[in-house]
Each structure stands twice: as C-alpha cells, then as structure tokens.
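To start, the structure under review is shown below, and the notes come after it.
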Amino acid sequence: MKYTMMLASAGKEQDLKKKDTIFEPKLDGIRVLCSIKKDIQFFTRNGNNVTTQFPELVLHEAIDAKNCVLDGEIVVRDEQGNPDFSLIESRDQLASSLAIRMRAQQHPATFVVFDILEKDGKSLVKKPLSERKKILEETVQNTDRIQVIPYTTDGKALWKEIQERDIEAVIAKNIHGTYVSGTEGSDWLSIKRFNTLNCVIIGYIQKQRTITALALGIYDKKKLIYVGTVDTGFDEKILKNLHVTLKKITTTKSSIKQLDKNIIPVKPNIVCEVKYLEIAKDKKLKDPSFLKIRTDKTTEECVLST
C-alpha cells in the first residue's frame, strides 16, 4: 500500500459551528485502507493486512471502477444498528479460516467508506474533499457489505444524535482540504464526547475475578510510566480473552518500579483504549473505564498527546 492514512487532530465542541465543514460520526470499528483491483485487500493503520479476517467483504459488484483505493472503517453492527467493536475484535484471535467464516455469517461486517484516494490508476489526494466526496458517491454503490458514510453540514444536530446513540465522537472535515497522508492537521478534527487515551497494558490484578483490573502505562519522554489501573468497562467475554492473552506474556519483572505488589506484570505488548475524567498532577488517570483493545495501535503511540 503506497498511501498512509490521514489522521485527525483533537477538536472542541465549538468546532461544530465551523463553516465550509462537513461532519461525520466516528464509527467504532477498524480503520483501514482498501485496495480494490482484481483482488481486494484491507490494511490497518500500522500496515497489517487483515483481508482474511473479513471474507464476507466481496465488493467488486458495488464498485464502478477498474481499480481504486478507499479509506474507511470496517464495522459490525449490533441489534440496534450501532457499530459494536466487541463483535469484531476477536477475529484476529480465531485460529482457522472456518471459524472466521462462521463468525462472518453470525455477525457480518460492513465496510463504511468516507474517502477515495485513487481511481482507475489516478491519484485523487490533491483534489479538495468536496470533489473527492462526489467521486466517491459516483464510484461506490451502497450494499449490505459496503456503504458510503452519511455526512451533514449541521454539526450541532449530529452532536445531539451521537449523544442519543452513545457514539464516541464527530469528525469535522474542511471541504476544501486535500488528503495529507500521515499528518495530523487542522483539516480533520475529532470532537469527542469524553476524554480517551491509548495505554499500554503493563500488568493485571487477580482478586474476585480472573482479572479484577488492568495496570496501565504510557510513554512520557520516551519512558514508560505507570498511570494507574482500570477496573470497569469489561464484560466477561473480554476478561476471558484477556486472561488467555496476558497469561502468555506474564513476566517476573517489570521495568516500572512504581507497580504495586499485587500487580502481576506482563510484557508491554498490548494497547487498550480507556476513557477518563482527567489526568492528575501525578499523571494518574482519574475514573478510567476500559473501552477496547486497539490492535491497530502500536505501544509507541501511547503518549499523553494521543
């Protein structure tokens, strides 16, 4: 994949009033770039090819192009029609293609597209977003497996809707902006309902449950530091999968000296996302709650500015 994803920087609620801006809901799925040629391939932000995890995403008949590159989110929806990350996060842990196909039949995924980077061999990244959106709508026909994301110019109305549907954020995009790969610029803004942070799992606590809490770390000036524990936001399925994973990377010694004695240290290989109220002066998270495992993030990305 020759393209790198464009990223959003942090926005504020007052950005919902911006002119020359469109607003999209931030979906709870896996961000991917999709290359459609004779075959179809999906690549995550860190370059992992996850095509085999989504065999149901056969999209050629919905694409009016010989080839193209699309940017979007793979989602699985719950019974209410809302994207539910927990329904897709275990696919990369399934051992066989048969198990993945069975999961795809039970909870089929949809590729929700919000941008087009290339069509019929011609790069579109220098064109303004308004023009790319028009080309995208001409290229992609909505089906059960692929859909073009809806958007609006009324940011306040969308903000009200995502609150009602418990969606994480609104993405604001400048209609005149080009697609700038790998850059966090002001043309795309992520306006979140609550604070979130990507953290490294550095250990866990066992008391009443198999996992009672996770110990979290972030990188501060390239040094991994302890920012506290999280003990809410889990369901039993998540805890069961986490226990299997964390047992495999349990270690006898942690590089972080501040860990409490009741914390079982693990190798700092796994990233999770938490929401929190604020970060205290001692750099501990106040009232954190677990959101999800982030297989699309590297541990090096777990910093205070994330």
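No gaps in the numbering here: position 163 of the sequence shown is 162 in numbering that gives the first Met the number 0, and each next residue is one more.
Quick reminder that beta carbons are idealized off the backbone N, C-alpha and C, glycines included.
- Contact between residue 170 and residue 189 holds, since their C-beta atoms are separated by about 6 Å, short of 8 Å.
- Counting along the chain, the unbroken beta strand (DSSP E) around residue 224 starts and ends at 222-229.
- Check the Cα spacing between residue 62 and each of 274, 286, 110, 124: the tightest is with 110.
- CA-CA distance, residue 236 to residue 208, rounds to 12 Å.
- Assignment of residue 245 by DSSP, reduced to helix, strand and coil, places it in the helix class.
- Between the C-alpha atoms of residue 123 and residue 21 there is a straight-line separation of about 19 Å.
- Unbroken beta strand (DSSP E) runs of no fewer than 3 residues, entirely contained in the region 125-203, are found at 145-147, 168-173, 183-191, following chain order.
- Rounded to whole angstroms, the gap between the alpha carbons of residue 198 and residue 301 is 5 Å.
- Beta-bridge pairing by DSSP links residue 20 to 173.
- Rounded to the nearest angstrom, the Cβ distance from residue 295 to residue 45 is 6 Å, consistent with a contact under 8 Å.
- Short of 6 Å from the beta carbon of residue 125, and not among the five residues preceding or following it, lie these beta carbons of its own chain, in chain order: 177.
- Per the C-alpha coordinates, the member of 289, 245, 135 positioned closest to residue 119 is 135.
- Contact annotation: the region 240-252 does not touch the region 273-282, with fewer than three C-beta pairs closer than 8 Å.
- Counting other Cβ atoms within 10 Å of its Cβ, residue 248 stays below 16 and is therefore classed as exposed.
- One thing to note: residue 224 has its Cβ within 8 Å of the Cβ of residue 216.
- In this structure, the beta-carbon distance from residue 273 to residue 229 falls below 8 Å.
- Membership of residue 73 in the beta strand (DSSP E) is indicated by the continuous run 67-74.
- In the three-state DSSP reduction, residue 233 falls in the coil class, being neither helix nor strand.
- In this model, residue 57 and residue 100 are separated by some 13 Å (Cα to Cα).
- When DSSP assignments are scanned along the region 32-63, no uninterrupted stretch of alpha helix (DSSP H) that is 4 or more residues long falls wholly within it.
- Under the DSSP definition of a beta bridge, residue 218 partners with 223, 302.
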